[in-house]
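The sequence shown begins at 49 in the working numbering and counts up one residue at a time.
All residues carry an ideal CB built from backbone N, CA and C; glycine is no exception.
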Amino acid sequence: MTQKTYIQSYITIQNNEMVLNGTSAFKTEPTDFADFAKQAYRNFDIQYPKFFKMDGLSKLAFLGTELLLSPIISAETENNIALLLANKSSSLDTDVKYQESISDKENYYPSPAVFVYTLPNICLGEISIRHQLKSENSFFIFDTFNTDFISNYATILLNSDKADTVLCGWVEFFNDHYKAFLCLIGKEENTEYTNETINTLYKNASWKH
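This is the structure in structure tokens:
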């Protein structure tokens, strides 16, 4: 028997603002993503020096998951949290930078630090390391956020007991344009979002173009 699943919490990140469960959690004056990410990291007093070596996509996903996972992660127990992320540009932002580094014959020095981030699922690895997750994780490429696919996949993972909680969403980053929508889904009923779906929350988010 398929058990109903519920959204536990969600976050959106765009235009220098992080909105957690519909309420602004952090906002800066207009600036580029690198500066915004650094300010957010310091604002939430995150202690993870490796953050500064990450590419933009990984930083975006890291910041969003940090606010969602930190309140529910326990160091004493194994956290069976699956990760399902998607975007349109894959790791193209970093791919372009890497290609530029190997195309310049006058200044040829392809940076290993850049090469490391030329796969979109690297950000899943960063999140898993940060929160010590060993559960299932996948990164999909879609033209637009396929909420039905992600929602159905999350429900299957939860109902087959392959995960106790699923963190899923959209993390798009290219040419300093970024947009993230992440949410936690579980079997525990959350009356605040009883009738909400990933699709309705994503569409109703205050996206600014």
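Bounding residues of the beta strand (DSSP E) (the contiguous stretch that carries residue i)
i	result
Thr71	71-75
Thr213	213-222
Residue i, DSSP secondary structure in three states
i	result
Lys227	strand
Lys239	The sequence given here places Thr at residue 239; Lys does not occur at that position. Correct three-state label for Thr239: helix.
Asn63	coil
Ala253	coil
Gln56	strand
Supposed close pair residue i, residue j - CB separation, criterion 8 angstroms
i	j	result
Leu105	Phe229	Not quite, the Cβ-Cβ distance comes to about 14 angstroms (not below 8 angstroms), so this is no contact.
Thr76	Gln87	5 angstroms
Ile177	Asn135	Not quite, the Cβ-Cβ distance comes to about 20 angstroms (not below 8 angstroms), so this is no contact.
Ala202	Ile233	5 angstroms
Phe81	Tyr226	5 angstroms
Which residues DSSP lists as bridging residue i, in chain order
i	result
Glu126	Paired residues: none, contrary to the question.
Cys171	Answer is none; Cys171 lacks a bridge partner.
Asn185	Leu131
Leu68	Ile59, Thr71
Nearest residue (CA-CA) to residue i, options the options
i	options	result
Pro119	His179, Ala202, Leu206, Asn200	His179
Leu181	Met102, Gly217, Phe188, Leu131	Leu131
Tyr250	Ile59, Ile189, Pro78, Ser138	Ile59
Ala73	Phe81, Glu114, Tyr96	Glu114
Residue i - containing alpha helix (DSSP H), residue span
i	result
Thr195	195-207
Gln261	With the chain running from 49 to 257 in the structure shown, residue 261 is simply not present.
Glu114	104-117
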